[in-house]
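> Residue numbers (my numbering): 5 to 221.
Heads up, the beta-carbon is just placed ideally off N, CA and C, and yes, glycines get one too.
1) For the putative contact between residue 88 and residue 213, defined by C-beta atoms under 8 Å, what is the C-beta separation to the nearest angstrom?
2) Along the chain, where does the alpha helix (DSSP H) that runs through residue 176 open and close?
3) DSSP has residue 88 in a bridge; who is on the other side?
4) Indicate the three-state DSSP secondary structure (helix, strand or coil) for residue 214 in the structure shown.
5) Pick out the complete alpha helix (DSSP H) segments inside the region 99 to 159, 4 residues or longer, and give them in chain order.
6) Ends of the beta strand (DSSP E) at residue 189?
7) Kindly confirm or deny that the region 38 to 55 and the region 88 to 100 touch, where touching means at least three C-beta pairs closer than 8 Å.
8) At the level of alpha carbons, what is the spacing between residue 173 and residue 157?
9) Can the beta-carbon of residue 169 be found closer than 9 Å to that of residue 207?
10) I need the DSSP call for residue 223, collapsed to helix, strand or coil.
11) Throw me the rounded Cβ distance for the residue 85 and residue 139 pair, which I believe falls under 8 Å.
12) Taking the DSSP output, what are the residues bridged to residue 75?
13) My guess is that residue 91 and residue 39 are in contact by the Cβ rule of under 8 Å, so how many angstroms apart are they, rounded?
14) Quick one: residues in its chain with C-beta nearer than 6 Å to the C-beta of residue 197, no 5 flanking neighbours on either side, listed in chain order?
15) Report yes if the CB atom of residue 135 is closer than 9 Å to the CB atom of residue 190, and no otherwise.
16) Considering only the alpha carbon of each residue, which of 179, 69, 60 lies closest to residue 78?
17) Just grab the DSSP bridge partners of residue 165 for me.
18) Using three-state DSSP, classify residue 198 as helix, strand or coil.
19) Please name the residue, chosen from 51, 8, 30, 34, that lies closest to residue 17 on a Cα-to-Cα basis.
20) Starting from the C-beta of residue 179, find all residues in its chain whose C-beta is less than 6 Å away, skip the five residues before and the five after it, and write them out in chain order.
21) So what does residue 10 bridge to, in DSSP terms?
22) Specify the secondary structure class of residue 221 as computed by DSSP and reduced to three states.
23) Are the CB atoms of residue 53 and residue 137 within a distance shorter than 9 Å?
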């Protein structure tokens, strides 16, 4: 894998405005705007990932002639971890509008010194030999992504896995590097400082699922 993740915040990009609003404790009270900013960042990261996919020239007939345009050899499969990943996924599917999608429902069980991940819903297409974009807005401990990745391999070996997030923690990045052996790369809008004692990203932005759809009980 590429040991250097793509980090959007290190570039001059309008995406940093959307990220700032996602983090802002006042602006994020507007739930609809929070979801829209998630979607916008999904669109931007989808475009960035598209630059490294495989293309081949295809002939297109216009009203006045023909021209050759490089087009995707194979559309990626988009796999989203529910529920926080839904608005982020919307951005990706609006860019990769011919892509198949899969969904994994995962949630964390919090203990005093560790967390475990439970999966209660899996719906995946065939993945053998296909590029896969695994979508989870908050890469905190990395355990949800790791659990999703193991389930993915039951549906075939992808040609490459692009793991994308809005915010990532060093601990989560390290876990994935140490435990995923298939070709993969990391794409995020920001790499933050650390996890706190409750395993939330600091400074982060809070619970993306709650901010998008309301507090769980």
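In this structure, then:
1) 4 Å
2) 174 to 183
3) Answer is none; residue 88 lacks a bridge partner.
4) In this structure, residue 214 counts as helix in the three-state DSSP scheme.
5) 147 to 156
6) Counting along the chain, the beta strand (DSSP E) containing residue 189 begins and ends at 188 to 195.
7) yes
8) 24 Å
9) no
10) With the chain covering 5 to 221 only, the question about residue 223 has no answer from this structure.
11) 7 Å
12) 60
13) Between the beta-carbon of residue 91 and that of residue 39 there is about 4 Å, and that keeps the pair under the 8 Å contact cut.
14) Same-chain partners within the cutoff: 206.
15) no
16) Nearest of 179, 69, 60 to residue 78, Cα basis: 60.
17) Residue 165 is bridged by DSSP to 136, 188.
18) Strand, per DSSP.
19) With respect to the C-alpha of residue 17, the residue from 51, 8, 30, 34 having the closest C-alpha is 51.
20) Cβ-Cβ distances below 6 Å link residue 179 to 146 in the same chain, with the five nearest sequence neighbours on each side left out; the list follows chain order.
21) Residue pairing by DSSP places residue 10 opposite 191 in a beta bridge.
22) Three-state DSSP puts residue 221 in coil, outside helix and strand.
23) yes
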